[in-house]
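Below: one structure, written as structure tokens.
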Amino acid sequence: MTTDLPFSDAIDPEKLDRLAEVAIKVGLRLQAGQDLLITAPVAALPLVRRLVVHAYRAGAGLVMPFLSDEAVTLARFDHGSDASFDRAATWLYEGFAKAFDANTARLAVVGDDPMLLAGQDADKVARANKATSMAYRPALEKIAGFDINWNIVAYPGAAWARQVFPGDGEATAVTRLANAIFAASRVDRADPVAAWHEHNAALAERTAWLNGQQFSALHYSGPGTDLTIGLADGHEWHGGASTAKNGITCNPNIPTEEVFTTPHALRVDGHVRSTKPLSHQGTLIDDIRVRFSEGRIVEAHAGKGEAVLNKVLDIDEGARRLGEVALVPHSSPISKSGILFLNTLFDENAACHIALGQCYAKCFVDGARLTPEQIAAQGGNTSSIHIDWMIGSDEIDIDGVRPDGSRVPVFRRGEWA
Ligand code: ZN
Ligand code: ZN
545 MTTDLPFSDA IDPEKLDRLA EVAIKVGLRL QAGQDLLITA PVAALPLVRR
595 LVVHAYRAGA GLVMPFLSDE AVTLARFDHG SDASFDRAAT WLYEGFAKAF
645 DANTARLAVV GDDPMLLAGQ DADKVARANK ATSMAYRPAL EKIAGFDINW
695 NIVAYPGAAW ARQVFPGDGE ATAVTRLANA IFAASRVDRA DPVAAWHEHN
745 AALAERTAWL NGQQFSALHY SGPGTDLTIG LADGHEWHGG ASTAKNGITC
795 NPNIPTEEVF TTPHALRVDG HVRSTKPLSH QGTLIDDIRV RFSEGRIVEA
845 HAGKGEAVLN KVLDIDEGAR RLGEVALVPH SSPISKSGIL FLNTLFDENA
895 ACHIALGQCY AKCFVDGARL TPEQIAAQGG NTSSIHIDWM IGSDEIDIDG
945 VRPDGSRVPV FRRGEWA
């Protein structure tokens with residue numbers, strides 16, 4: 545079977561091949577002899593095939609793709625028994641965790657319709673998400689703990705493209721989304737691999753400055769926002785490329801514009817308002833307003849999707865606390881594109897954001913050597929979820945607060961001060 549899928553001719557094959565090359569060489573920096581586990585929507589098969597080629601050319605041991613399909617997902621909602629929504633493929637994710645223990649690299653291709661489950665029963669969506677989160681946890685811990693090199697990259701699926709460019713015909717929408725993904729992923733440059741090395745160096749300069757400042761908190765002010773985010777003890781800022789516990793320096797997100805660290809799970813106070821809609825597993829949650837007290841969300845509202853938001857917050861105790869704080873200038877290329885991608889991989893790189901749930905162990909000094917108990921003692925949050933949402937805009941000011949209470953401007957009107 546060699547037939548291509550519909551609309552792959554709307555996507556520049558040369559740039560698609562370069563995206564695959566960047567994912568393998570920069571995103572994963574896959575090592576000779578290393579196995580690779582890929583998850584992707586069936587619609588992304590043209591990219592998956594190129595990824596497999598570049599992986600084997602890089603000397604991969606065994607490359608194993610797992611494909612999902614929108615119609616298969618919907619069939620469960622249409623015809624599955626009620627009990628089905630509390631189930632997940634625990635055995636599969638245990639296998640993933642085992643593979644990661646054996647130093648298998650992980651590549652996730654995103655590209656599904658972000659509104660796929662929008663019309664489905666919110667309770668069933670939440671139960672299915674919860675069951676999946678719990679089952680996936682052993683594998684997520686190894687990703688969040690940065691045990692192995694991993695990467696997320698995007699493919700312009702037709703259903704996703706239609707949501708992003710509703711005014712266009714399908715082929716045009718796919719071409720526009722493809723070109724936006726290629727530009728954001730820097731594969732429209734003459735030498736994408738060199739462009740990524742340059743970009744990584746610029747992000748490293750920002751993280752070095754922030755790590756030198758040793759802030760104990762960040763204070764955000766703007767419309768609907770007056771928020772103090774305490775930073776975890778011994779936190780460390782990261783951005784661009786970083787080194788996994790297996791010693792491989794990779795770029796977990798393609799694209800990426802953020803520098804980020806771990807907030808203190810018990811030291812977040814005040815209120816904050818989202819600045820972009822959050823597309824969460826098929827539901828759009830918009831105009832989020834929450835109030836934190838001692839790190840915990842004690843009040844949550846949303847203009848749209850409030851029921852889903854509250855179900856997310858109830859998944860476990862850590863879902864109400866922060867696991868990440870990230871800085872992205874309003875002038876980032878993804879922000880300047882003006883496109884709302886309805887996908888966190890892109891939208892989180894258009895604005896400053898925070899994430900509910902699990903923290904990243906690597907965002908601590910010597911993080912690779914800390915036990916989960918030590919991370920918790922330093923303020924790192926634990927949860928079965930990690931959900932980023934956008935709180936940045938050109939109206940947000942951020943101050944760094946030093947342990948003695950003195951303040952340093954970090955962002956003014958959405959830009960580095
Ligand atoms: Zn982030
Ligand atoms: Zn995040």
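Note that the sequence shown ends on residue 961 in my numbering; no numbers are left out.
Each residue gets a CB set at the ideal place from its N, CA and C atoms; glycine is no exception.
Please read all numbers here as calculations on a predicted model, not as lab measurements.
Would you kindly report the start and end of the unbroken alpha helix (DSSP H) that includes LYS538? There is simply no residue 538 to check, as the chain begins at 545 and stops at 961 in what is shown.
Strictly closer than 7 Å from CB to any heavy atom of ligand 1: give me those residues in the order they appear in the chain. GLU802, PHE804, GLU868, ALA870, GLU892, HIS897, ALA899, ASP932
Does the separation of the CB atoms of LEU560 and LEU591 fall below 8 Å? yes
Give the single residue among ASN755, ASP712, VAL586, GLY624 whose Cα lies nearest to the Cα of ASP665. GLY624
Return yes when the Cβ of ALA599 is within less than 8 Å of the Cβ of LEU563, no when it is not. no
Are there 16 or more other CB atoms within 10 angstroms of the CB of VAL708, so buried, or fewer, so exposed? buried
Could you tell me if the beta carbon of HIS763 falls within a distance shorter than 7 Å of some heavy atom in ligand 2? no
Is there at least one non-hydrogen atom of ligand 2 closer than 7 Å to the beta-carbon of HIS782? no
When burial is assigned at 16 or more other CB atoms within 10 Å of the CB, is ARG650 buried or exposed? buried
Which class does THR800 belong to by DSSP, given the choice of helix, strand or coil? coil
Could you spell out the range, first to last residue, of the beta strand (DSSP E) harbouring VAL954? 951-956
When you compare only the Cα positions, how much space is there between ASP850 and ILE829? A small fix is needed here, since residue 850 is Glu in this sequence, not Asp. Taking the straight line joining both Cα atoms gives about 7 Å.
In whole angstroms, what is the alpha-carbon distance linking ALA554 and LEU762? Rounded to the nearest angstrom, the two C-alpha atoms are 44 Å apart.
For a test of the three-state rule: what should DSSP assign to ASP556, helix, strand or coil? Taken through DSSP and simplified to helix, strand or coil, ASP556 comes out as coil.
Does the segment 799-813 come close enough to the segment 653-672 to have 3 or more Cβ pairs within less than 8 Å? Taking a contact to require three or more Cβ pairs closer than 8 Å, the segment 799-813 and the segment 653-672 do not qualify as touching.
So, ALA776 versus GLY603, is the Cβ gap smaller than 8 Å? No.
Where DSSP assigns a beta bridge to ARG817, which residues make up the other side? ARG833
What does the Cβ neighbour count give for ALA745, buried or exposed, with the cut at 16 atoms within 10 Å? exposed
Beta carbon of VAL872, beta carbon of GLY944: below 8 Å? no
Which one of ASP579, VAL697, HIS845, PRO682 has the shortest CA to CA distance from MET608? ASP579
Is it buried or exposed for ARG594, if we count other Cβ within 10 angstroms and need 16 for buried? buried
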